[in-house]
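Notes follow once the structure below has been shown.
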Amino acid sequence: MNKTMISLDGNAIVISVPVNFTRKFGRRYMIVPPTEGDAPFTAPPRKDDTLLKALARAHKWSQWLETGKVKRLDHLAADNDINPSYVSRIIRLNLLAPDIKEMILDGRQPKTMKLSVMLNPFPNDWEAQRRHFGLTA
Numbered sequence: 000m001n002k003t004m005i006s007l008d009g010n011a012i013v014i015s016v017p018v019n020f021t022r023k024f025g026r027r028y029m030i031v032p033p034t035e036g037d038a039p040f041t042a043p044p045r046k047d048d049t050l051l052k053a054l055a056r057a058h059k060w061s062q063w064l065e066t067g068k069v070k071r072l073d074h075l076a077a078d079n080d081i082n083p084s085y086v087s088r089i090i091r092l093n094l095l096a097p098d099i100k101e102m103i104l105d106g107r108q109p110k111t112m113k114l115s116v117m118l119n120p121f122p123n124d125w126e127a128q129r130r131h132f133g134l135t136a
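Numbering (numbering that gives the first Met the number 0), first residue to last: 0 to 136.
Following this line, the structure appears as structure tokens:
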């Protein structure tokens, strides 16, 4: 983006500001590249609300089962008008490694880690989970 201004003495002054514009959710945002010595721009973490709600449900439902508020998964499903298969797949999210849960809660999970992916079978072993989700080099 270049802007030419004429100073009072008649000389032209050219100001150049390297910026990019992007649109997200109907709003325009400016992306300014870092200047020399600045830390490179990193996007803020994006929390996946769907995945966060699923983790919260898994935790809550597991507590209900452990405390006896609900006797069985099929009762939990019937009480909440939810498919029993879905309930069991959501509760399985409690088997995730603590660092993976923390990553999701902080919004630092890879973009490929969506609820639809997390509901598919994954290993119980935490190290195997990290490999399965591509979190180890």
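From the three backbone atoms N, C-alpha and C, an ideal C-beta is built for every residue, glycine too.
Between the C-alpha atoms of residue i and residue j, what's the straight-line distance to the nearest angstrom?
{"i": "L54", "j": "P97", "result": "12 Å"}
{"i": "M102", "j": "E65", "result": "25 Å"}
{"i": "A57", "j": "I14", "result": "55 Å"}
{"i": "D124", "j": "A77", "result": "31 Å"}
{"i": "L134", "j": "V16", "result": "38 Å"}
{"i": "L94", "j": "K23", "result": "34 Å"}
{"i": "D47", "j": "Q128", "result": "19 Å"}
{"i": "V18", "j": "P43", "result": "18 Å"}
{"i": "M117", "j": "G25", "result": "29 Å"}
{"i": "S61", "j": "Y85", "result": "14 Å"}
{"i": "P122", "j": "I90", "result": "14 Å"}
{"i": "H131", "j": "S87", "result": "20 Å"}
Are the beta-carbon atoms belonging to residue i and residue j less than 8 Å from one another?
{"i": "L50", "j": "K100", "result": "no"}
{"i": "R45", "j": "G106", "result": "yes"}
{"i": "L75", "j": "W63", "result": "yes"}
Could you please give the first and the last residue of the uninterrupted beta strand (DSSP E) stretch that includes residue i?
{"i": "R22", "result": "N19 to K23"}
{"i": "M29", "result": "R26 to I30"}
May I ask which residues mark the beginning and end of the alpha helix (DSSP H) holding residue i?
{"i": "M117", "result": "L114 to M117"}
{"i": "P152", "result": "The structure shown does not extend to residue 152, since the chain spans only 0 to 136, so no value can be given for it."}
{"i": "D8", "result": "Premise fails: D8 is in no alpha helix (DSSP H) and is neither H nor E."}
Put residue i into one of helix, strand or coil per three-state DSSP.
{"i": "V152", "result": "No information on residue 152 is available, as it lies outside the stretch 0 to 136 that the chain covers here."}
{"i": "K52", "result": "helix"}
{"i": "P83", "result": "helix"}
{"i": "R71", "result": "coil"}
Taking 8 Å as the CB-CB cut-off, is residue i touching chain C?
{"i": "Y28", "result": "Absent from the structure: chain C. Only one protein chain is present."}
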